[in-house]
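For the sequence shown, position 167 (counting from the first letter as 1) is numbered 165 according to the working numbering, and the numbering increases by one without interruption.
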Amino acid sequence: MPQPIIFAVPKGRILEEALPLLARAGILPEPAFGDDKSRALKFSTNHEDLSLIRVRAFDVATFVAHGAAQIGIVGSDVIDEFDYSELYAPVDLNIGHCRISVAEPAEMAETDDPRAWSHVRVATKYPNLTRKHFAKRGVQAECVKLNGAMEIAPALGLSSRIVDLVSSGKTLKENGLVEVEVLAEVSARLIVNRAAFKTNAAVGNLVAAFREAVGAAA
């Protein structure tokens, strides 16, 4: 009997784009999987030995790194933030495109020059990624960890700048902020648990299926 596989997929921005890709890779989840109103976390598929779980993006990496799930989809921002040695990211899925940027109030940006920074205080859910980026430039980064609502931090005096994911930039604009520096371009990646990849042939077959699916979509 084949070893059961748990496939972790993030809620939110990547999920909708991932559904067609899953289908091209031969994975058809039960209808409730794509329903935002469903409170279920685990879903069956057209493969008896393959189930999907729908969790927060940061938790996808944790489940796969610790072997609770064998394979998953997550943004490269999450991979860079956690840098789990147990994770292997063999396929860029070419979906979920956005960027991680530094943003600050528009009036501040009018006279600010990022090249002159020696110390920055930022609110972010990416403290590790942020510190590593600024360390390469010789800038000391003081990070205030938030899990959401970053855009309100400057207005409340928590920090003068934020580091967050940016797609259209609409949320920044609505909160009087502008991008002043891009830390990284982001896309969704297929990730696998290294041990599972070595010991379970079905995981390798899924990686091959997604490589083919991405090529077909190009």
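Ideal Cβ positions, reconstructed from N, Cα and C, are used throughout, including at glycine.
_Straight-line gap, Phe5 to Thr109 (C-alpha atoms, nearest Å)_ = 47 Å
_Residue from Ser36, Gly24, Leu181 and Asp34 whose Cα sits closest to the Cα of Thr43_ = Gly24
*Determine, using beta carbons only, whether Leu19 and Pro27 come nearer to each other than 8 Å.*
no
*Among the residues of its own chain, which have a CB less than 8 Å from the CB of Ile12, if the five just before and after it don't count?*
Ala55, Ile71, Val72, Gly73, Ile93, Gly94 and Ala186
*Run through DSSP, which three-state label would Ala6 get?*
strand
_For Met106 and Ile69, the rounded distance between their alpha carbons_ = 43 Å
*Simplified DSSP assignment, three categories, for Asn203*: helix
*asked:* For a test of the three-state rule: what should DSSP assign to Arg54, helix, strand or coil?
replied: coil
*Just list the beta strand (DSSP E) runs in the stretch 144 to 203, keeping only unbroken ones of 3 residues or longer that don't cross its boundaries, in chain order.*
159 to 164, 175 to 184 and 186 to 191
*Simplified DSSP assignment, three categories, for Leu85*: strand
*Helix or strand or just coil, what does DSSP make of Arg97?*
strand
*Val164 and Cys141: beta carbons closer than 8 Å?*
no
*Pairing CB atoms from the stretch 125 to 138 with CB atoms from the stretch 74 to 86, are three or more of them under 8 Å?*
yes
*Thinking C-alpha only, which one of Leu188, Val178, Pro88 and Glu102 is nearest Ile150?*
Glu102
*8 Å Cβ cutoff met for Ile3 and Ala207*: no
_My assumption, with CB atoms under 8 Å, is that Val7 sits in contact with Leu50. Please give the rounded CB distance._
6 Å
_Per DSSP, what are the beta-bridge partners of Ser49 in this structure?_
Ile4 and Ser42
_Quick check on the burial criterion: 16 or more other C-beta atoms within 10 angstroms. Buried or exposed for Ser99?_
buried
*Between Glu183, His45 and Phe41, which lies nearest to Val53 when the distance is taken from Cα to Cα?*
Phe41
_Check for me: the beta strand (DSSP E) holding Val275 runs from which residue to which?_
Coverage of the chain is limited to positions -1 through 216, which leaves residue 275 absent and any answer about it impossible.
*Excluding five sequence neighbours on each side, which residues of the same chain lie with their C-beta closer than 8 Å to the C-beta of Lys177?*
In the sequence on display, residue 177 carries Glu and not Lys. Cβ neighbours of Glu177 beyond the five flanking positions: Ser99, Val100, Ala101, Val164, Gly167 and Leu170.
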